[in-house]
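First the structure, in the form of structure tokens, and then the observations on it.
2 protein chains.
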Amino acid sequence: MSFSNAKVLSSEPLANSEAVWTKLVKITYDDCKAKTRSWESAERTTRPKNGDIDGVGIVAILEKPTGPEIVLQRQYRAPIDKICIEAPAGLVDEGETTEEAAIRELKEETGYVGKVSETSPMMFNDPGFCNTNLRMVHVTVDMSLPENQNLKPELEEDEFIEVFYVPLTDLYAECKKLEAEGYAIDARVGTFAEGIEVAKQFKL
Amino acid sequence: MSFSNAKVLSSEPLANSEAVWTKLVKITYDDCKAKTRSWESAERTTRPKNGDIDGVGIVAILEKPTGPEIVLQRQYRAPIDKICIEAPAGLVDEGETTEEAAIRELKEETGYVGKVSETSPMMFNDPGFCNTNLRMVHVTVDMSLPENQNLKPELEEDEFIEVFYVPLTDLYAECKKLEAEGYAIDARVGTFAEGIEVAKQFKL
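These protein sequence lines map, in sequence, to chains D and A.
Just so you know, we're using this note's numbering here: the first sequence kicks off at 126 and counts up by one.
Just so you know, we're using this note's numbering here: the second sequence kicks off at 126 and counts up by one.
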């Protein structure tokens, strides 16, 4: 396996009737003046029936003697034809809580066993364009636990994920460096990094 | 105008041939094992021909004696049928730089005239689902300038945006409060707030 194999070959219009994971909808709505208008939106078809979110992202923090580090991953993403820098993440399975999905996905994708310290509000990725949403779950990883010594990620046969770590305090500078190297930055990682940088700038 | 007027009336499947702003595509790609696969993706049709980003978001900071505050807005979003808490933002016009778009959109949506202090890497909103992307531009607003005294937003006839301000240091707590009040949180605002909170937590 190698990222150098991954590339888009072609792209063609997809009809809703053939789409499995996604759909395009035309919404008829009343605006703030009670005037009836329409808006185009893209949706996932996979949101659990009794759930309100599509996915979960994980802010996994390794508490190291040298300072806290965040767990990130490199993953090829066909929609953008680039290797993207992302937080561990996944869709929420039917019947699963947000926190259970976070702990499961972190273990599957990185091998780490962590403890939930915080769950974010429900957040919408691009609400003028689509309805996809997620919660970010903050997970602290105790590096002294035996289960965190010899990591055994359990990736699907078709998943190819490279895990790496960045000191939290360097995250924004690292995002800029990774962009210069040709990687794409996931907005959930990038804006998180901007928050850290602005907090440092204003000494919050 | 009132947010209480705004609501979704109906939603129906939309064919690519009738869509103006969006499209659904089926991507054929080689994965990391050079195995040919397909992936479904949603796209905007509006990205400028010679540009590489769809939109720009603005981290506008008011430097007040009581501490820095971020400019946010409430806007009804039909794709999620909620009033969303967002940073000022907009699409980039043909021939415009990212920074020009940021300064223009901030003035149009809030009235503030600001100075660019930072431009983020290109960031992808939800790269497993769609190709939409943006850069965040950080803008500092000098509150002593005459042009920032009597704000005159220039909203389109069909735009309804309420502007408000939050002390940067309170942003994450405020997002949770706003969620409890029924607002949706844009992920670019929410993860930025998480970054601030984590920086405070670890005293970065």
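Here a beta-carbon is modelled for each residue, glycine too, at the ideal position from N, C-alpha and C.
Between residue i and the rest of its own chain, which residues show a CB-CB distance below 7 angstroms, the 5 nearest in sequence each way excluded?
i: E272 of chain A; result: V238
i: G307 of chain A; result: none
i: S245 of chain A; result: R260, M261
i: V181 of chain A; result: A214, G215, V217, T223, A226, A227, E230, L259, R260, V262
Considering only residues of the same chain and omitting the five flanking positions on each side of residue i, which have a CB-CB separation below 6 angstroms?
i: L296 of chain A; result: A318, I321
Can you pull the chain A residues whose beta carbon is under 8 angstroms from the beta carbon of residue i, in chain order?
i: Y154 of chain D; result: A131, K132, V133, L134, A203, D206
i: N256 of chain D; result: P204, I205
i: P173 of chain D; result: The contacting residues do not exist; P173 of chain D stays about 16 angstroms from chain A at best.
Chain D partners of residue i, CB-CB under 8 angstroms?
i: F317 of chain A; result: T316, F317, E319, G320, V323
i: I183 of chain A; result: Per Cβ cutoff of 8 angstroms: no residues; I183 of chain A is ~12 angstroms from chain D at best.
i: L293 of chain A; result: V323, A324, F327, L329
i: S269 of chain A; result: Correct list: empty, because the minimum Cβ distance to chain D is about 18 angstroms.
List, in chain order, every chain D residue whose beta-carbon is nearer than 9 angstroms to that of residue i.
i: T330 of chain A; result: Lying outside 126 to 329, the shown extent of chain A, residue 330 of chain A is not represented and no answer is given.
Output, in chain order, the set of chain D residues within a Cβ distance shorter than 7 angstroms of residue i.
i: P213 of chain A; result: Here the premise fails: no neighbours, minimum Cβ distance about 13 angstroms.
i: D159 of chain A; result: In the sequence under discussion, the amino acid at residue 159 of chain A is Ala, which differs from the Asp named in the question. The answer, in chain order, is N130.
i: R169 of chain A; result: F254
Whose Cβ in chain A lies nearer than 7 angstroms to the Cβ of residue i?
i: F289 of chain D; result: Residues of chain A passing the Cβ test: none, with the nearest at roughly 16 angstroms.
i: V150 of chain D; result: S136, E137, P138, L139
i: V266 of chain D; result: Per Cβ cutoff of 7 angstroms: no residues; V266 of chain D is ~14 angstroms from chain A at best.
i: D177 of chain D; result: What D177 of chain D touches in chain A: nothing, since even the nearest Cβ is about 11 angstroms away.
i: D283 of chain D; result: D156
To which residues of the same chain is residue i closer than 8 angstroms at the C-beta, ignoring the five residues directly before and after it?
i: E219 of chain D; result: P173, K174, N175, G176
i: R202 of chain A; result: I208, C209, A309
i: N141 of chain A; result: K148, L149
i: E304 of chain D; result: I310
i: I178 of chain D; result: R172, V217, T223, M247, N258, L259, R260
i: W146 of chain A; result: R169, T170, T171
Write down the C-beta distance between residue i and residue j rounded to the nearest angstrom, noting that I regard them as a contact closer than 8 angstroms.
i: A212 of chain A; j: L197 of chain A; result: 6 angstroms
i: G315 of chain A; j: K277 of chain A; result: That belief does not hold up - the Cβ atoms of G315 of chain A and K277 of chain A are roughly 30 angstroms apart, past 8 angstroms.
i: V241 of chain A; j: V264 of chain A; result: 6 angstroms
In chain E, which residues lie less than 7 angstroms from residue i when you measure between Cβ atoms?
i: P246 of chain A; result: Within the model displayed, chain E is absent; protein chains D and A are what it includes.
At a CB-CB cut-off below 9 angstroms, which residues of chain A make contact with residue i?
i: N250 of chain D; result: N250, D251, F254, C255, T257, D311, A312, R313
i: A144 of chain D; result: L149, K151, E165
### Task
Would you mind listing the beta strand (DSSP E) stretches within the region 150 to 206 of chain A that are 3+ residues and don't spill past its ends, in chain order?
As far as the region 150 to 206 of chain A is concerned, its whole beta strand (DSSP E) runs of at least 3 residues are 161 to 169, 180 to 189, 192 to 202.
### Message
I'd like to know if the region 217 to 232 of chain A and the region 186 to 193 of chain A are in contact, where contact means that at least 3 CB-CB pairs between them fall below 8 angstroms.
### Response
No: the two stretches stay apart, fewer than three of their Cβ pairs being nearer than 8 angstroms.
### Query
Considering only residues of the region 279 to 319 of chain A, which uninterrupted alpha helix (DSSP H) runs meet the minimum length of 4 residues and lie entirely inside it, listed in chain order?
Considered as a whole, the region 279 to 319 of chain A harbours 296 to 305 as its complete alpha helix (DSSP H) runs of no fewer than 4 residues, in chain order.
### Query
Between the region 250 to 259 of chain D and the region 283 to 302 of chain D, are three or more C-beta pairs nearer than 8 angstroms?
With the cut-off at 8 angstroms, the region 250 to 259 of chain D and the region 283 to 302 of chain D do not touch.
#### Entry: Ranges of the beta strand (DSSP E) found wholly within the region 222 to 258 of chain D, counting only runs of at least 3
Complete beta strand (DSSP E) runs here, min 3: 240 to 244.
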